[in-house]
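Structure first, then comments.
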Amino acid sequence: MATTEPGYDFGDARFDLNDPSDREIVGFVLSQALFGEATGVYCGKSLYQARSLEAARFYVRQAHQELNHLEHFAAIFRLLEMTPEPGHWVIRLLSSHNNYYPLKVLMEHAIGEGMVLDIFKDVLQQCLPDDHPGVNKVKKRLRAISREEIEHVEWGEKETKYMLTQKPWLKYPYYGLLELQLMVAPLVLRPYQNRSKDHPVLSHLPKFVEHVNQRVWKQGQDMGFVPEQRPGLFKRVVCMAAGAALFVRSQLARADSTLDKTYIRELGFQR
Ligand SMILES: [Fe+2]
Ligand SMILES: [Fe+2]
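What the sequence shown shows, in this note's numbering, is residues 2 to 272, in sequence order.
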């Protein structure tokens with residue numbers, strides 16, 4: 002279960018917000034967060050397919066929260082006197098809206114927002130320097146955002162488990178997609194890997210990526226679709242192909258409405 006406590010210990014590593022190179026790195030991380038929050042607002046689109054009244058309530062609430070997060074991050078940019086840049090292609094790919102509910106709850110909420118939470122509470126909360134005048138207010142906003150992101154991750158985990166009870170075959174593409182997400186996500190850090198050796202924060206990157214991989218792996222096991230032992234290459238490739246095929250289908254699929262078909266039952270009337 003996700004918490005606001007840091008999962009990875011950066012020790013006393015801090016960014017230097019007076020150093021232009023460090024400001025560029027922090028600006029890059031914050032720009033990805035801002036883009037993610039902007040697309041997070043589109044979860045309102047999920048109302049159309051929300052599988053239950055509870056899901057509809059969740060998406061109304063989440064859209065409101067993501068809109069607030071967008072404004073929190075805009076305030077964070079102003080507090081640090083930075084200007085956002087457009088989102089990285091990896092972030093654009095990972096945050097693209099999914100019309101297929103079983104993939105949405107796994108990829109966007111459980112895994113995607115779980116990784117977002119790792120960045121907010123591990124990298125930003127720990128590594129922004131407290132001696133900068135704006136950082137106290139920045140961290141307050143980050144804590145508020147993280148508390149709500151935890152709810153989004155828990156929702157994704159709960160719905161993913163439910164989807165597996167309804168369609169047990171999903172465990173194969175789910176597992177393949179988890180492998181693919183773990184493969185693609187570190188690409189966003191590639192520009193910083195060359196200059197990471199002597200940097201107090203960036204030198205932690207390989208271990209931090211390893212930590213996130215292990216956390217996501219365990220999360221997949223807790224949700225019930227990641228095996229105890231990592232399968233051999235052939236089985237992994239088959240599952241990744243199944244996951245990729247389902248993802249492509251989900252991007253092409255037409256969204257089917259739900260509540261107009263289920264509202265009588267959902268409201269507690271028998272028919
Ligand atoms: Fe958010
Ligand atoms: Fe979120």
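Backbone N, C-alpha and C fix where the C-beta goes; we use that ideal spot for every residue, glycine too.
Of the heavy atoms belonging to ligand 2, at least one sits nearer than 7 Å to the Cβ of HIS153.
Within the same chain, Cβ atoms closer than 8 Å to the Cβ of VAL154 are found at ALA3, HIS110, ALA111, GLU114, GLY115 and LEU118, the five residues on either side in sequence being excluded.
By a beta-carbon distance limit of 8 Å, LEU179 contacts VAL227. Their separation comes to about 6 Å. For the stretch 179 to 265, the full-length alpha helix (DSSP H) segments reaching 4 residues or more read 191 to 194, 206 to 224 and 234 to 253 along the chain.
Judged by DSSP secondary structure, ASN137 falls within the alpha helix (DSSP H) whose first and last residues are 136 to 167. Shown here, ALA57 sits in a helix according to DSSP, grouped into three states. The Cβ neighbour count for TRP156, taken over all protein chains shown within 10 Å, is at least 16; the residue is labelled buried. A distance of 8 Å or more separates the beta carbons of ARG24 and CYS128. Per DSSP, MET108 lies in no alpha helix (DSSP H) segment and is marked neither H nor E. In this structure VAL61 is in contact with LEU48, their Cβ atoms being roughly 7 Å apart against a cut-off of 8 Å.
If you draw a straight line from the Cα of VAL185 to the Cα of GLY37, it is about 16 Å long. By alpha-carbon distance to ARG237, the top candidate from SER97, ASP13 and TYR173 is TYR173.
Inclusion of TYR193 and LEU181 in the CB contact set at 8 Å is not warranted, their separation being larger than that value.
Put simply, of LEU165, PRO169, LYS162 and LEU31 the residue whose alpha carbon is nearest the alpha carbon of HIS73 is LEU31. Looking only at GLU55, ALA75, PHE11 and CYS44, the smallest Cα-Cα distance to GLN63 is reached by CYS44.
Burial is judged here by how many other beta carbons sit within 10 angstroms of a residue's own beta carbon; TYR176 has at least 16 and is buried. Non-local C-beta neighbours of TRP218 in its own chain, meaning closer than 7 Å and more than five positions away in sequence, comprise VAL227, ordered along the chain. By the Cβ-count criterion, ASN99 is buried, with 16 or more other Cβ atoms from all chains shown falling within 10 Å of its own Cβ.
Residues LEU31, VAL139 and ARG142 of the same chain have their beta carbon placed closer than 7 Å to that of ILE77, with the five preceding and five following residues left out of the count. With respect to the 8 Å criterion, SER147 and LYS122 are classified as neighbours on the basis of their beta carbons.
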